[in-house]
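Residue numbering for the sequence shown is 1 to 250, as defined by the working numbering.
Cβ atoms here follow ideal geometry from the backbone N, Cα and C, with glycine treated the same way.
Worksheet for the structure shown next.
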Amino acid sequence: MAWHDGTVTAPLTPPHQPNPHDPWQSPPSGSHLAPAYGSPDDPDTATELRQAAVVLVLVALAGIALGVLWLWLAPRVPLVSDGSAVFLENSEGEEAIGADGTFVLLAAVFGVLSAAAVAWRLRRGGVVVVVGLALGGVLGSLLAWRVGIWLGPSSDVVARAREVGKGVVFDAPLELHAVVVAVLVWPFVALAVHVLLTAAFGVREPEPAWVGEGWTSYYGQPGAEGPPGGGPGGPPPVPSPGSGGGSGAS
C-alpha cells in the first residue's frame, strides 16, 4: 500500500508557521495596546507634596480665626470671691459645657469649609493632599484652643479675684474639658466632606479602550460569534436547506 492511499497524512500547518487560530498569538496588525490609567493632567509626586504642604499651612492658620470666634461666642463662666475663696456664681450653670459645645460646632463648620475649598481648588489632588488636609485640621484645632485661652480671661484666678475685690463677679478662664474629641472634630469632618464631594463632583478617569480596532476587525465585537462567512475566530457557515451539499434528493 502506497503512502498516498490514506495511511500517511501531512500536517495541516507547517511547523515553521504559527496557527492563525491560536488565541495566544499576537493580535493582527492595526491593533494597539490599551492606554494606561490616569490622565496627563494629573500632578506628579513633587507637585502633590507641594500642594499638600500649602493645604496644611493654610488650614492650620485658619485655626487662628477659629480661636477668635470661639472666644467671642463661647459662654462665660461667672466667678465671685468672698475674700477667702472663689466660687461659682451659679453652681447649676452649664456655661462650662457650652464652651466645649461651641468649639465643636465651630470646628465642624471649619471642617466643611476647608474640605470644600480643597475639593474645589484641587480637584485632581491625590491622597497626599487629603493627608495634608487632615493634619492641617489637627494643627488648626490645637492652635485655636491655645489662641482662645491666650486671648481669653486670665488663668490666674486668685490674682484676678484679688484684683476685682470681694463680691465682684468676673469671668473664669476659657477651657476645653474634652480636648481630644474637640481637636479631632475638624479633621474627621473635613475628610468625610472631601470624600463626599470627590465622589459627587470629582474628575472621572476615561475608561480604557480594551479592544483595538485591528483586534475588533479580526475577532469581532465582544460577545459576537465571529465575523460572517466563517472567517478566523468564527464558526464555519451553515449551508441552507436548499443549497447543494451532496445531500440533494435523487
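Pairwise C-alpha distance: ILE149 and PRO187: 21 Å
Option nearest SER141 by Cα separation, candidates VAL54, VAL68, THR45, ALA46: VAL68
Coil, strand or helix - PRO75 by DSSP: coil
Residues that LEU88 bridges to, as DSSP identifies them: LEU79
C-beta atoms of LEU113 and PHE170 nearer than 7 Å: no
Cα-Cα separation between TRP145 and ALA99, rounded to whole angstroms: 11 Å
Candidates ALA182, THR198, LEU197, ALA199: closest to LEU66 by CA position: ALA182
For LEU184, the nearest candidate out of LEU122, ALA107, SER84 (CA to CA): ALA107
Alpha carbon of THR102 to alpha carbon of LEU61, nearest angstrom: 19 Å
Contact the region 123–131 vs the region 50–57: 3+ CB pairs below 8 Å: yes
Residue burial classification, GLY137 (beta-carbon count within 10 angstroms, cutoff 16): buried
ASP156 - DSSP class collapsed to helix/strand/coil: coil
Buried or exposed by the 16-neighbour rule on C-beta atoms within 10 Å, applied to SER81: buried
Nearest-angstrom Cα separation, counted from SER154 out to VAL118: 37 Å
Environment of VAL168 [buried if 16+ CB atoms lie within 10 Å]: exposed
N- and C-terminal bounds of the alpha helix (DSSP H) containing HIS194: 179–201
Assigned secondary structure, ASP44 (DSSP; H/G/I helix, E/B strand, else coil): coil
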